[in-house]
Amino acid sequence: MLNTVATVVVVVLGLHIIAKFAFFALPYRRRRALLDKQYGDKPSATSTSDRVLMVFTVGIAVLVLCRGIDSVSFLGGLWIGATLIQLYFHQFHRPVPPQRAAPPQTSPLKEMSYAIQDAPWRPWPQLLALAMLVVLSLMLMIVKAAAVQ
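Numbers given in our numbering equal positions in the sequence shown, counted from 1, plus 14.
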């Protein structure tokens, strides 16, 4: 049962990763309007959701650890994910044009959010690597499930 629950959860999370890319396909004006609405005049828009997501992340980690993992693969996956995130953010080193910059009250996080929406595909190598790893993992899960049956 635990194996089934863990499998369903990670498949849904993998699909969620891919689905999030759809936001970047929206026109800039639409992305900007959504960002302006989310932030308003606050320096942060995600304080509550960040706490919820942290609890959820710990819960998923406990779930997959209880299911049983290969520690080499798990640690390798953590390193790959953390490195892709680091490299992703490093691509946003160019200044954002004033008309696309974060409105006051700003914070480093808010400025980064507006920089990402200004040029969301700038870190395309990292996005492509992430998408390929997720799709490959989902395909391997499907092949493994088909082989068992």
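Note that CB positions come from ideal geometry on N, CA and C, so glycine has one too.
Separation of residue j from residue i, as counted between CA atoms
{"i": "Phe106", "j": "Gln163", "result": "46 Å"}
{"i": "Asp50", "j": "Ala33", "result": "22 Å"}
{"i": "Ile94", "j": "Ala133", "result": "23 Å"}
{"i": "Gln119", "j": "Ser87", "result": "42 Å"}
{"i": "Val69", "j": "Ser61", "result": "13 Å"}
{"i": "Leu67", "j": "Arg108", "result": "29 Å"}
{"i": "Asp55", "j": "Pro117", "result": "8 Å"}
{"i": "Asp84", "j": "Gly91", "result": "11 Å"}
{"i": "Arg65", "j": "Ala145", "result": "26 Å"}
Cβ-Cβ distance between residue i and residue j below 8 Å
{"i": "Ala20", "j": "Val78", "result": "yes"}
{"i": "Tyr53", "j": "Lys124", "result": "yes"}
{"i": "Val26", "j": "Ile74", "result": "no"}
{"i": "Arg45", "j": "Phe35", "result": "no"}
{"i": "Arg114", "j": "Tyr102", "result": "no"}
{"i": "Leu89", "j": "Ala143", "result": "no"}
{"i": "Val148", "j": "Ile31", "result": "yes"}
Residues near residue i by beta carbon distance below 7 Å, same chain, minus five either side
{"i": "Ser151", "result": "Gly28"}
{"i": "Ala59", "result": "Gln52 and Tyr53"}
{"i": "Val110", "result": "Tyr128, Ala129 and Asp132"}
Other residues of its chain near residue i: CB distance less than 8 Å, five sequence neighbours each side excluded
{"i": "Asn17", "result": "Arg81"}
{"i": "Val72", "result": "none"}
Residues of its chain near residue i, where Cβ-Cβ distance is below 6 Å and the 5 sequence neighbours each way are ignored
{"i": "Leu141", "result": "none"}
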